[in-house]
Amino acid sequence: MYSDATIQMVRESGCLLIDGAWVESKDGATLPVINPASGAQIGQISSASAEDVDAAVQGAARVAKDEAWSRMSSERREALMHALADTVERNAGRIAEIESLDVGMPIGVAQFLVSLSVSSLRYMAGWPSKIEGRTIPVSYPFGGEHFAFTTREPIGVVGAIIPWNVPFMIAIWKLAPVLATGCTLVLKPSEEASQSVLLLGRLVKEAGIPDGVLNIVTGTGAVAGEALVRHPHVAKIGFTGSTVTGRAVARMAGETTKRVSLELGGKSAQILFASADLDTAVPEAANSAFLNTGQTCVAGSRLYIQRRIYDEVIERLTRHASNLRVGHPMDPATNLGPVISAKQKRRIEDYISSAREQGAVLHAGRSNTAEDCGFYVAPTVVEARQEMTIAREEVFGPVISAIPFDEPEQAIALANDNPYGLSAYVYTQNLSEALTTATRLQVGRVLVNGAPPPYPSIPEGGRKASGYGRDQGPESLEGYLDTKVVLVTAR
Ligand code: NDP
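Numbering (the working numbering), first residue to last: 681 to 1171.
Structure below.
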């Protein structure tokens, strides 16, 4: 199913990218690369030590201080970013295949997300010439003439730590603003999914971006991740991952007064009003919950259904889930591939069993995979209650918890009654119902009558236990820039 060239690339791509050189970890430690569609080991990656992370940060710090990079003309910077976008576009097929092999992502989803990554790079490439300060009118009571203005300067070395679910796209979300602002990056991908990020390292070199601007330290969170967060020369940590780890990262980063942005987990609510167009709303709601086998932070995993259409929606949703094809990620007909690991499969199955024990009614889609091993989970519809664990915690698998409601007020209260605040979805044909609900939901974004994919100029991020800070859009640039004031007294 996978091309020989892709398999060969994974076999050979075990090194760290430090200051432009591909090197092995100093202590020779490695981690296995597992194909989630078969459970077989297909390669290994270096497991970076604290010493390796230090070398990567030193490289990144050297380039961050080099004015040839930090003060590069905006024309040149934009051209380099477009060159990288072109290189990614030329290699899109290979990147998608690697993502599919390493993560189990259905190939169609992987191809689409690589194309979105190209769009993100091109969008950010428009920003270097538009980063501006402001002039500030000053008039002191003691008189005199003063002129004040601000400049925006790159913060220096950024450390980014990312999860396994969509590694290439999230890596681009961290790298693009680094390139646009003149910072440098030390990137730690998940130990479960580093391959597409390692390929990105090659493409960055091919596009002519200077050595040391992007450094990649594969390895574990406990060693490489912590070393990066604690390093005194790292100015900011851009973290995407679980809330538990994000909180630990923020605590550690506080010791060296680093900036932190946290893109964390979610338990996103979908509110389906009786006025919705069910022919479009049910497939959209299902897609939001099951995309990438439910392994997206914005998965609409809680579905609140107005009671008078509840039975009909459950029937439609179950039929939809049963028709989804669970299968090999390289088969273009596959809707749901395997989940990332045996551990994740067990975790999802434990949530489902505990819901059953708590009295939930389950409707499961058929799992028609040909694989004997591999980490497959069928899409599951759970008729749950608000207090059940499955309806409260992030499952990160193809599971949707359905709960009825009567009045709009009740739906809003149920949706807000959760620690997370990442995303929400509202389905209705009534404009005032849509707007009233959208304005009262405590989340980073509300999608009405559809669940379209991320868009480069639309900020992504949450509130409450889903974190703070934004990827994508102009808001994301703020995290990479310092404001300097110059105040001139006329003499
Ligand atoms: P984790 O929090 O387990 O891991 C995320 C990253 O943190 C990994 O690279 C991990 O390393 C690293 N890490 C683990 N421990 C530490 C530590 N002590 N110090 C520093 N780094 C550490 O999340 P998952 O990888 O399991 O990803 C799933 C989670 O990510 C879900 O909660 C999901 O919602 C969230 N997510 C959020 C998104 C958003 O934009 N809001 C987008 C996508 C996912 P390693 O795994 O290599 O040990």
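Where is the CB? At the ideal position from N, CA and C, for every residue including glycine. Fair warning: this is a prediction, and the values are worked out from it, not measured in the lab.
By the CB criterion at 8 Å, residue 791 and residue 805 fall outside the cutoff. Counting only the Cα atoms, residue 728 lies some 29 Å from residue 773. Following the DSSP letters along the chain, one finds residue 1030 inside the alpha helix (DSSP H) bounded by residues 1022-1037. The beta carbon of residue 957 lies closer than 7 Å to those of 1109 in the same chain, with the five residues before and after it left out. Annotated as proximal: residue 736 and residue 698, with beta-carbon spacing under 8 Å. In this structure, the straight-line span from the alpha carbon of residue 757 to that of residue 1041 is close to 56 Å.
Boundaries of the alpha helix (DSSP H) around residue 967: 958-970. For residue 830, the enclosing beta strand (DSSP E) covers residues 826-834.
Within the DSSP bridge table, the entry for residue 943 names 920, 1147 as partners. Per DSSP, residue 1091 has no beta bridge partner at all. If you compare the alpha carbons of 932, 1099, 787 with that of residue 907, the shortest gap goes to 932. With respect to the 8 Å criterion, residue 838 and residue 913 are not classified as neighbours on the basis of their beta carbons. Contact annotation, residue 945 with residue 973: C-beta distance approximately 16 Å; criterion of less than 8 Å not satisfied.
Pairing residue 724 with residue 1002, the inter-Cα distance amounts to about 36 Å. Annotation for residue 723: the continuous beta strand (DSSP E) segment containing it runs 720-726. Only buried fits residue 1159, as 16 or more other CB atoms lie within 10 angstroms of its CB.
In this structure, the C-beta of residue 843 approaches the ligand NDP to less than 7 Å from one of its heavy atoms.
Rounded to the nearest whole angstrom, the C-alpha separation of residue 800 and residue 877 is 16 Å. As computed with DSSP, residue 1085 is found in a beta bridge with 986. Per DSSP, the unbroken alpha helix (DSSP H) holding residue 763 starts and ends at 754-770.
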